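Number of protein chains: 2
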Amino acid sequence: MKSPLAALTGLDSPPRHRTATEFVEAALRAAILDGRLPGGTALRQEEVAHIFGVSRMPVREALRQLEAQALIDFLPHKGAVVTAISAEDAADNYAIRMALEPMALGLSIPTLTPDDIDRAADLIADMDREPDPGRLGELNRRFHMSLYAQAGHPRLLALTEQQLASADRYIRFTLAARGRDQLSQGEHRAMLEAAARGDAETAVAILRTHMATAARTIADFFREREPRP
Amino acid sequence: MKSPLAALTGLDSPPRHRTATEFVEAALRAAILDGRLPGGTALRQEEVAHIFGVSRMPVREALRQLEAQALIDFLPHKGAVVTAISAEDAADNYAIRMALEPMALGLSIPTLTPDDIDRAADLIADMDREPDPGRLGELNRRFHMSLYAQAGHPRLLALTEQQLASADRYIRFTLAARGRDQLSQGEHRAMLEAAARGDAETAVAILRTHMATAARTIADFFREREPRP
DNA sequence: TATCATGAAATTGGATCCAATCAACAATCG
DNA sequence: CGATTGTTGATTGGATCCAATTTCATGATA
């Protein structure tokens, strides 16, 4: 197989979803977010349908949802293309997260439970052990979300998680290029400690610098791989 | 016609969209946001298709997109229902906007152009004249967006505009119940003036209090219409 | 009487078929 | 020789048909 979509072939097994549309949508999103489907990949409806063993219809509905999540570009009569990643898009994503996550953290801390703290601590430990960079992104995302768990406002949380997931496309990038110290586990621990004692001010401040340095790391990465003319 | 979807019948004329899916999606979204389709309305695929003179397929694709925008709830094998509005949902929406809009305004002000300022000023004047509460929501949204125009970060702006549009469902509510002074034109003018002289700090501060009072107004409105037990 | 089967109608999910559109290439004309 | 215009193949958009699921009414039974 020489098609770039061949990356999808092994994934049809795991959980039975309610509908074929949900299944295709989840599989495509996971493949886009973890980099198996790189930016620019054309998603031919017939081909995707054949790979998943369904007809084109659930594929079309799944593509519509991914379009609304800004994971693919949908051009009428032309087809769907995985959204390209770029320095500008990374900065865009970080601007959104720099708005949403401090808000979520600030709302959540006053009512955080010991369970939430424990889960966050476990996830930090898991990240120290995890060798697979693929899973590291997911663990990082779950660590952040566990600190936001008590924010209330389900829509805010859903948006935050979605943007955090989008960031996985870039986290994986820098991890592969610069090693795992980019995860800034020290900041993770400091943030957790501040959250555990209910110090929202400090925790939010740490989160802001944490995200700012991550954003700069990614910007630098793009700068050195594609130097400005 | 006694169906609640009868509110859609007059709207099929204006702009020719590229595809039927786009047309249905735009028409449904507009109808939901401006209140013609109230929360809880069931969207029967066959019925919607008949009203717009298309088959069920473009309706299904449009519903998928609206689902991803959190405007409808999609339950497998049960159908689509317009998302209900509530005090909790309003607070959720305002929390998201309180995160996104100050960020957008702060990024935009340093590079705002005289054209942007002029457009914003015109929109304030338009709001003073507009008698139709329906159009007021749109003018308010365009005023806010004109101040964010130079923020860069197209995804951030798209998200912001989407959430601002969702807020229309509530703005219309309070306008009808409490009159147009709730628009706080004074704050609009003060914010514009601060933006015009490049004072981001002041403009963002005004925006924050502007949104906080709007959020409180809506919370009060829900409280008095549905007193807590 | 309440509860649990049961079955029919309504509704959605999925597959297949046809039409519309676009891209590439060939042929014609200047 | 270059530009433009048909023409053809590939791909998506839309319609129709069938299958699967849910719901609701109906009735049997404890």
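Protein chains in written order, with our numbering: chain A, 1 to 229; chain B, 230 to 458.
Glycine is no exception: its CB is placed at the ideal position from the N, C-alpha and C atoms.
Keep in mind the model is a prediction, meaning the values are calculated, not measured.
Does the Cβ of residue i have 16 or more other Cβ atoms within 10 Å, making it buried, or fewer, making it exposed?
i, result
"residue 110(A)", "exposed"
"residue 128(A)", "exposed"
"residue 382(B)", "buried"
"residue 144(A)", "buried"
"residue 347(B)", "exposed"
"residue 284(B)", "exposed"
"residue 113(A)", "exposed"
"residue 14(A)", "Because residue 14(A) sits at a pLDDT of 42, beneath the cut-off of 50, its placement in the model cannot be relied upon, and the point is left open."
"residue 212(A)", "exposed"
"residue 458(B)", "Only weak support exists for where residue 458(B) lies, its pLDDT of 48 falling under 50; the coordinates are left without a value."
"residue 224(A)", "exposed"
"residue 89(A)", "buried"
"residue 410(B)", "exposed"
"residue 438(B)", "exposed"
"residue 158(A)", "exposed"
"residue 2(A)", "Low confidence applies to residue 2(A): its pLDDT is 47, below 50, so where it sits in the model is not reliable enough to give any reading."
"residue 445(B)", "exposed"
Who are the neighbours of residue i on chain A, taking C-beta pairs under 7 Å?
i, result
"residue 321(B)", "153, 154, 155 and 156"
"residue 379(B)", "Chain A residues near residue 379(B): none, gap ~13 Å exceeds 7 Å."
"residue 328(B)", "99, 100 and 103"
"residue 298(B)", "68"
How would you list, in chain order, the residues of chain B whose beta-carbon sits under 7 Å from the beta-carbon of residue i?
i, result
"residue 114(A)", "Correct list: empty, because the minimum Cβ distance to chain B is about 25 Å."
"residue 174(A)", "Ordered by position in chain B, no residue passes the 7 Å Cβ test against residue 174(A), which lies about 20 Å from the chain."
"residue 276(A)", "This structure cannot speak to residue 276(A), because chain A is shown only from 1 to 229."
Hey, out of the options, whose CA is closest to residue i's CA?
i, options, result
"residue 405(B)", "264(B), 254(B), 253(B) and 258(B)", "264(B)"
"residue 384(B)", "347(B), 418(B), 330(B) and 433(B)", "330(B)"
"residue 165(A)", "142(A), 183(A), 216(A) and 213(A)", "142(A)"
"residue 365(B)", "397(B), 386(B), 434(B) and 337(B)", "397(B)"
"residue 297(B)", "323(B), 276(B), 258(B) and 433(B)", "258(B)"
"residue 31(A)", "66(A), 53(A) and 46(A)", "66(A)"
"residue 344(B)", "369(B), 334(B) and 375(B)", "375(B)"
"residue 447(B)", "273(B), 410(B) and 402(B)", "402(B)"
"residue 138(A)", "33(A), 24(A) and 27(A)", "33(A)"
"residue 333(B)", "449(B), 281(B), 445(B) and 432(B)", "432(B)"
"residue 408(B)", "360(B), 323(B), 293(B) and 255(B)", "360(B)"
"residue 420(B)", "451(B), 387(B), 335(B) and 307(B)", "335(B)"
"residue 399(B)", "450(B), 308(B) and 274(B)", "450(B)"
"residue 49(A)", "64(A), 24(A) and 161(A)", "24(A)"
"residue 133(A)", "64(A), 183(A), 148(A) and 216(A)", "183(A)"
"residue 151(A)", "161(A), 108(A), 193(A) and 162(A)", "108(A)"
"residue 292(B)", "308(B), 326(B), 281(B) and 349(B)", "308(B)"
"residue 94(A)", "44(A), 26(A) and 163(A)", "163(A)"
"residue 434(B)", "327(B), 378(B), 349(B) and 369(B)", "327(B)"
"residue 256(B)", "378(B), 281(B) and 443(B)", "281(B)"
"residue 120(A)", "44(A), 194(A) and 70(A)", "194(A)"
"residue 96(A)", "316(B), 390(B) and 273(B)", "390(B)"
At 8 Å on the CB atoms, spell out the chain B contacts of residue i, in chain order.
i, result
"residue 159(A)", "325 and 388"
Below 9 Å on C-beta distance, what does residue i contact in chain B?
i, result
"residue 18(A)", "305 and 306"
"residue 107(A)", "324"
Interface residues of chain A around residue i at Cβ under 8 Å?
i, result
"residue 289(B)", "61"
Indicate whether the contact test is met: 3 or more Cβ pairs, each with one atom in the segment 20 to 40 of chain A and one in the segment 51 to 68 of chain A, closer than 8 Å. Result yes; three or more Cβ-Cβ pairs closer than 8 Å.
With three or more C-beta pairs closer than 8 Å as the rule, is the segment 32 to 43 of chain A touching the segment 69 to 86 of chain A? The segment 69 to 86 of chain A vs the segment 32 to 43 of chain A: in contact.
Check whether the segment 105 to 125 of chain A touches the segment 68 to 78 of chain A, counting contact only when three or more Cβ pairs, one atom from each stretch, lie closer than 8 Å. No: the two stretches stay apart, fewer than three of their Cβ pairs being nearer than 8 Å.
Touch test, the segment 423 to 432 of chain B against the segment 179 to 191 of chain A, Cβ-Cβ under 8 Å, three pairs minimum: Proximity of the segment 423 to 432 of chain B to the segment 179 to 191 of chain A falls short of the contact definition, fewer than three beta-carbon pairs being nearer than 8 Å.
Go through the segment 355 to 401 of chain B residue by residue and report every complete run of the alpha helix (DSSP H) that reaches 4 residues or more, in order. Runs of the alpha helix (DSSP H) spanning 4 or more residues and lying entirely within the segment 355 to 401 of chain B occur at 362 to 377, in chain order.
Uninterrupted beta strand (DSSP E) stretches inside the segment 53 to 99 of chain A (no shorter than 3 residues): Runs of beta strand (DSSP E) with 3 or more residues, each lying fully within the segment 53 to 99 of chain A, are found at 72 to 75 and 79 to 82, listed in chain order.
Enumerated in chain order, which unbroken segments of the alpha helix (DSSP H) with a length of 4 residues or greater are wholly contained in the segment 245 to 287 of chain B? Runs of the alpha helix (DSSP H) inside the segment 245 to 287 of chain B: 249 to 262 and 274 to 281.
Return the chain-ordered ranges of every beta strand (DSSP E) run that is complete within the segment 397 to 447 of chain B and spans a minimum of 3 residues. The DSSP assignment places no complete beta strand (DSSP E) segment of no fewer than 3 residues inside the segment 397 to 447 of chain B.
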